[in-house]
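**Q** Line order of the protein sequences matches chains A and B. For the first sequence, the numbering used here gives the first residue as 15, with consecutive numbering after it. For the second sequence, the numbering used here gives the first residue as 15, with consecutive numbering after it. Structure incoming, see below.
Protein chains: 2
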Amino acid sequence: MRRQRRGAIARCTAIATIYEIASKVGVSTATVSRALSGGGYVRKELREQILQVAKAMDYQPNSFARGLVTRQSHILGLIVPDICNPFFPAVARGVEDAANERGYNVLLCNTDGSLRKENDYIDVLRSRQADGVIFTTSQVSSRNVKTLMKSGIPVVLADRRMDLECDIVSADNVEGAFQATRHLLGLGHARIGIITGPMGVATSQDRIEGYRRALSELGIASSPDLIREGDYRERSGYDGAMELIKLSDPPTAIFACNDLMAVGALHALEESELQVPGDVSVVGYDDITVASVARPRLTTIAQPKYEMGAIACRMLIDRLRAPGDPYQTVMLRPQLVLRESAAMMKCEGSVCNPGL
Amino acid sequence: MRRQRRGAIARCTAIATIYEIASKVGVSTATVSRALSGGGYVRKELREQILQVAKAMDYQPNSFARGLVTRQSHILGLIVPDICNPFFPAVARGVEDAANERGYNVLLCNTDGSLRKENDYIDVLRSRQADGVIFTTSQVSSRNVKTLMKSGIPVVLADRRMDLECDIVSADNVEGAFQATRHLLGLGHARIGIITGPMGVATSQDRIEGYRRALSELGIASSPDLIREGDYRERSGYDGAMELIKLSDPPTAIFACNDLMAVGALHALEESELQVPGDVSVVGYDDITVASVARPRLTTIAQPKYEMGAIACRMLIDRLRAPGDPYQTVMLRPQLVLRESAAMMKCEGSVCNPGL
DNA sequence: CTATCATATGTAAGCGCTTACATGCATCCT
DNA sequence: AGGATGCATGTAAGCGCTTACATATGATAG
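If you want it as structure tokens, here you go:
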């Protein structure tokens with residue numbers, strides 16, 4: 015006993031189907047489908063008539079039905095720790111713009127760095143047949159990435175490394191930290207403190223590496239008491255700076271591994287009545303909005319956030335077309351942004367370090 | 015000639031289907047479906063066995079197939095002008111958290127205030143059978159909202175009004191501006207400049223209204239030359255402030271209708287070597303991150319951004335269950351955040367305005 | 001003049017799932 | 001005993017779409 019087709023019942027609120035178009039035009043659904051998709055043979059006038067009727071009915075293809083047969087969702091998952099973290103909106107924007115250009119949509123997934131939430135979202139994305147996933151989270155569980163890839167869902171890692179072969183786009187953190195440190199060295203600073211991100215995270219390691227490399231290039235050994243571990247939050251920048259300036263031989267410059275911590279450092283110095291950049295120079299990392307609002311304005315390393323998102327997204331979509339191609343790593347160049355928080359070291363009568 | 019079922023061909027990379035579970039357990043797909051969904055009768059041990067097998071196969075229901083028959087996508091569209099605008103990440107986060115709690119996912123739609131992009135996204139959302147849509151855009155075309163509602167897709171407006179019956183959640187902009195202005199009045203300021211948002215937008219109108227109301231409560235007429243139209247961007251705050259201080263009888267306080275413009279005003283005053291709050295007090299609106307980073311820290315009106323998103327989302331989901339219920343408007347209370355950019359007016363020998 | 005081919009359209013299967021309906025069995029009531 | 005009821009399971013239709021295949025027609029080639 016056949017149930018009646020929905021098309022037969024007038025459901026004025028719902029969206030029209032190709033059945034309705036077909037019956038109105040007097041052709042089969044196959045022809046309508048061909049006319050709408052542009053594939054296959056359809057007489058020119060017929061196609062135009064169909065298009066016109068579809069438009070008149072305000073037709074929109076049901077993407078569930080379409081996805082079910084084509085096995086493509088045109089959905090991309092974007093996994094971020096927290097969109098409220100000022101670093102990510104620009105990345106997300108880059109992803110979205112690139113996705114839209116190619117007819118994809120973005121499902122936003124905030125994980126708060128929680129593995130549980132990440133796992134849940136992986137299930138959601140598999141269930142929704144996401145065509146691909148972009149990870150920007152700091153601690154990717156490689157298990158989840160593997161699960162996705164095993165399910166046939168390609169993955170791109172943005173600003174992240176892993177013990178796993180896959181596509182990666184990243185801003186060169188070693189290079190960025192190197193630039194920041196060399197800039198300070200060039201201004202005559204020799205004792206440069208660093209407030210790092212969490213040691214467990216690859217980006218943190220890279221930035222420390224860049225810092226070390228710049229120092230050693232000038233034959234300066236990096237002293238452990240000048241290195242403070244932070245957690246990328248303002249408070250830890252404040253604390254780190256406080257510790258550094260209380261050292262018996264305090265640094266004349268501080269490199270904070272992100273802007274939020276740099277702002278914290280600025281506050282600590284302000285409270286301690288140290289002038290920035292008069293007494294202590296400060297350099298940040300990321301170039302988020304607050305960097306140009308803080309007083310003094312932060313000299314910082316700009317990351318191409320938007321581009322990172324856009325490129326990650328394009329890599330992902332390219333990968334969909336060429337699943338077999340070798341994995342790529344795209345390294346973007348961070349850029350030093352000169353503002354007022356870093357300046358030439360004061361020479362108090364004694365010898366200045368030679369500039370770079 | 016029947017095509018072979020996919021289930022028959024081993025496709026190790028793809029996700030298992032209920033057919034595979036059914037055949038492994040030796041029951042029909044209907045029973046599997048019932049076991050997984052929890053509806054209908056299934057013997058207890060059988061259900062457990064099915065659940066176990068599903069787990070072992072790492073099964074995830076195909077949401078396309080499911081959506082096709084249930085006519086529910088569990089997708090909510092979130093339309094924002096630009097997620098990079100610091101106001102929106104928190105709203106988005108609120109939406110997402112509330113959505114997740116109830117098993118919904120969020121499709122992020124940046125429109126840049128462009129009607130074309132908005133139209134495109136409306137089509138996408140209809141095509142994807144979105145269960146509901148949240149608008150946070152400043153200029154909603156009521157046509158699009160109507161289109162959605164006609165397609166049976168409920169809509170909630172966040173921080174927005176319209177010439178249309180629908181659910182609305184909003185922070186009371188009249189009240190917020192009133193509080194800001196009254197605070198300045200209370201500090202002894204009588205000449206208070208205002209830098210508004212674009213006049214075409216309802217929120218701007220409301221904030222002007224609040225400003226006027228606070229002034230008239232003390233019998234002060236609002237003078238047109240103290241009102242400058244801005245566009246919610248930093249630059250226009252700078253320009254507006256510059257114009258205001260060049261007045262023959264310049265204001266002793268400036269109320270900028272958002273923090274970005276307030277920061278712009280701060281820069282203008284700094285450049286003009288006017289002390290804030292010594293010479294001029296400044297109050298902003300929104301309480302975005304920069305408000306607490308700017309020097310002096312901005313006294314501002316905090317909007318419950320996260321709550322606005324979360325409540326909008328909950329209203330939307332409630333509406334899905336009760337399509338017939340009368341429309342609601344939820345008004346949230348903005349809150350004055352006291353920082354350092356506004357202070358008691360200097361009394362230069364002459365008469366002070368009486369505090370409030 | 002028939003074989004070949006490009007064009008144009010229809011038929012119907014099937015994507016993976018839910019669910020109305022049918023069926024079967026045990027239990028319980030009158 | 002016969003019917004009603006609750007539980008457990010199976011059968012198969014159908015959600016709206018794409019697409020392989022069948023079919024038909026006119027044009028072109030040999």
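Yeah, the Cβ is synthetic: ideal placement off N, Cα and C, and Gly gets one too. For clarity, every value in this text was computed on a predicted model and none was experimentally measured.
Using the three-state DSSP reduction, which class does Ile259/A fall into: helix, strand or coil?
**A** Translated into positions along the first sequence, residue 259/A becomes position 245. Three-state DSSP puts Ile259/A in a helix.
**Q** With burial defined as no fewer than 16 other Cβ atoms inside 10 Å of the residue's Cβ, what is the status of Leu352/B: buried or exposed?
**A** Counting from 1 along the second sequence, the entry for residue 352/B is found at position 338. Leu352/B should be labelled exposed.
**Q** Could you check whether the Cβ of Asp137/B sits closer than 8 Å to any Cβ belonging to chain A?
**A** The residue given as residue 137/B occupies position 123 in the second sequence. It does; some Cβ of chain A falls within 8 Å.
**Q** Which term fits Pro368/A, buried or exposed, when burial requires 16 or more other beta carbons within 10 angstroms of its beta carbon?
**A** Indexing the first sequence from 1 puts residue 368/A at position 354. Residue placement at Pro368/A is poorly supported in this model, since its pLDDT is 48, which falls under 50; the coordinates are not used for a value here.
**Q** How about Leu352/B: is its C-beta nearer than 8 Å to some C-beta of chain A?
**A** For this step, residue 352/B is matched to residue 338 along the second sequence. Not an interface residue.
**Q** Classify Gln66/B as helix, strand or coil using the three-state DSSP reduction.
**A** Locating residue 66/B in the second sequence gives position 52, counting from the first residue. Helix, per DSSP.
**Q** So Leu346/B packs on Val183/B, CB below 8 Å; how close in whole Å?
**A** Your numbering for residue 346/B matches position 332 in the second sequence. Your numbering for residue 183/B matches position 169 in the second sequence. Confirmed, about 7 Å.
**Q** Whose C-alpha, out of Gly298/A, Cys98/A, Glu115/A, Ile93/A, is nearest the C-alpha of Lys131/A?
**A** Here residue 131/A refers to the residue found at position 117 of the first sequence. Selected option, being the one with the closest Cα: Ile93/A.
**Q** Compute the Euclidean distance between the alpha carbons of Leu350/B and Cys271/B, then round it to the nearest angstrom.
**A** Mapped onto the second sequence, residue 350/B falls at position 336. Mapped onto the second sequence, residue 271/B falls at position 257. One C-alpha to the other measures close to 13 Å.
**Q** Going by DSSP, what residue range makes up the alpha helix (DSSP H) through Met275/A?
**A** Residue 275/A sits at position 261 when you count from the first residue of the first sequence. Here the alpha helix (DSSP H) through Met275/A covers 273-285.
**Q** Compute the beta-carbon to beta-carbon distance between Glu10/B and Leu274/B, rounded to the nearest angstrom, for a pair I have assumed lies under 8 Å.
**A** Outside the shown range of chain B (15 to 370) lies residue 10/B, about which nothing can therefore be said.
**Q** Please tell me whether Val46/A and Ile64/A are closer than 8 Å, where the distance is taken between their beta carbons.
**A** Taking the first sequence and counting its residues from 1, the one referred to as residue 46/A is at position 32. Taking the first sequence and counting its residues from 1, the one referred to as residue 64/A is at position 50. Yes; because the gap between Cβ atoms is below 8 Å, this pair is in contact.
**Q** Run through DSSP, which three-state label would Ser42/A get?
**A** In the first sequence, the residue the question calls residue 42/A occupies position 28. It is coil, neither helix nor strand.
**Q** Going along the chain, which unbroken runs of the alpha helix (DSSP H) with 4 or more residues stay wholly within the segment 76-130 of chain B?
**A** Taking only runs of at least 4 residues, the alpha helix (DSSP H) segments lying wholly in the segment 76-130 of chain B are 77-84, 102-115.
**Q** Could you list which residues in chain B have their beta carbon closer than 7 Å to that of Asn124/A, in chain order?
**A** The residue you call residue 124/A lines up with position 110 of the first sequence. Here the neighbours are Arg107, Glu110.
**Q** Going along chain A in order, which residues have a C-beta closer than 9 Å to the C-beta of Pro75/B?
**A** To locate residue 75/B, count along the second sequence from 1; it is residue 61. Correct list: Ser141.
**Q** For Leu129/B, which of Gln143/B, Arg157/B, Ala194/B has the nearest alpha-carbon?
**A** Counted from its first residue, the second sequence places residue 129/B at position 115. Of the listed residues, the one whose Cα sits closest to Leu129/B is Arg157/B.
**Q** With DSSP collapsed to three states, give me the class of Glu189/A.
**A** Numbered from 1 along the first sequence, position 175 holds the residue referred to as residue 189/A. Here Glu189/A sits in helix by DSSP.
**Q** Can you list the residues of chain B that Pro103/A reaches, using a CB-CB cut of under 7 Å?
**A** Here residue 103/A refers to the residue found at position 89 when the first sequence is read from its first residue. By Cβ distance, chain B contributes Ile97, Cys98, Pro103.
**Q** State yes or no: is the beta carbon of Thr303/B nearer than 8 Å to at least one beta carbon in chain A?
**A** On the second sequence, residue 303/B is found 289 positions in, with the first residue counted as 1. Judged by the 8 Å Cβ criterion, Thr303/B is in contact with chain A.
**Q** Helix, strand or coil for Tyr299/A? Go by DSSP, reduced to three states.
**A** One-based indexing of the first sequence puts residue 299/A at position 285. Strand.
**Q** So for Glu243/A, helix, strand or coil by DSSP?
**A** Looking up residue 243/A in the first sequence gives position 229. Correct three-state label for Glu243/A: strand.
**Q** CB-CB under 7 Å to Ser286/A, same chain, minus the five flanking residues each way: which ones, in chain order?
**A** Position 272 of the first sequence, counted from the first residue, corresponds to residue 286/A. Result list for Ser286/A: Ile259, in chain order.
**Q** Can you pull the chain B residues whose beta carbon is under 7 Å from the beta carbon of Leu129/A, in chain order?
**A** By one-based count along the first sequence, residue 129/A stands at place 115. Near Leu129/A there are no residues of chain B at all, since even the closest Cβ is about 15 Å away, more than 7 Å.
**Q** Assuming Gly214/A contacts Gly190/A under a Cβ cut-off of 8 Å, what Cβ separation, rounded to an integer in Å, is found between them?
**A** Position 200 of the first sequence, counted from the start, is the residue given in the question as residue 214/A. Position 176 of the first sequence, counted from the start, is the residue given in the question as residue 190/A. About 19 Å separates the two Cβ atoms, so there is no contact after all.
**Q** Using a Cβ-Cβ distance under 8 Å, would Met275/B count as near chain A?
**A** The residue labelled residue 275/B in the question sits at position 261 within the second sequence. False, the Cβ-Cβ gap to chain A never drops below 8 Å.
**Q** From the DSSP output, in three-state form, read off Thr31/A for me.
**A** For the purposes of this step, residue 31/A is taken as residue 17 along the first sequence, with counting starting at 1. Note: Thr31/A maps to coil in three-state DSSP.
**Q** Within 8 Å of any Cβ in chain A, is that where the Cβ of Phe149/B sits?
**A** Here the question's residue 149/B lines up with position 135 in the second sequence. For Phe149/B, the answer is no, since every Cβ of chain A falls outside 8 Å of its Cβ.
**Q** Against Val215/B, what residues of chain A qualify as contacts under a CB-to-CB distance less than 8 Å, listed in chain order?
**A** Counting from 1 along the second sequence, the entry for residue 215/B is found at position 201. None at all; the shortest Cβ gap to chain A is about 22 Å.
**Q** Out of Arg80/A, Ser250/A, Ile136/A, Leu261/A, which one is the CA nearest neighbour of Asp239/A?
**A** Within the first sequence, the letter at position 225 stands for residue 239/A. Checking every option, the nearest Cα to that of Asp239/A belongs to Leu261/A.
**Q** Residues of the segment 301-326 of chain A with a CB closer than 7 Å to any CB of chain B: list them in chain order, please.
**A** Listed by position along the chain: Thr303, Val304, Val307, Ala308, Arg309.
**Q** Nearest CA to the CA of His197/A: which residue from Thr313/A, Tyr246/A, Asp145/A?
**A** For the purposes of this step, residue 197/A is taken as residue 183 along the first sequence, with counting starting at 1. Nearest C-alpha to His197/A: Thr313/A.
**Q** Taking C-beta pairs closer than 7 Å, name the residues in chain A that Gly81/B reaches, listed in chain order.
**A** Position 67 of the second sequence, counted from the start, is the residue given in the question as residue 81/B. Chain A residues near Gly81/B: Phe78.
**Q** Where does Ile234/B fall in DSSP's three states?
**A** Taking the second sequence and counting its residues from 1, the one referred to as residue 234/B is at position 220. If DSSP states are grouped into helix, strand and coil, Ile234/B belongs with coil.
**Q** Is Val120/A close to chain B? Criterion is C-beta to C-beta, closer than 8 Å.
**A** Locating residue 120/A in the first sequence gives position 106, where the first residue counts as 1. Yes, because at least one Cβ of chain B sits closer than 8 Å to the Cβ of Val120/A.
**Q** Contact check, Ser152/B vs Gly127/B under 8 Å by CB: the rounded distance?
**A** Looking up residue 152/B in the second sequence gives position 138. Looking up residue 127/B in the second sequence gives position 113. With 8 Å as the limit, Ser152/B and Gly127/B qualify as a contact, their Cβ atoms being about 6 Å apart.
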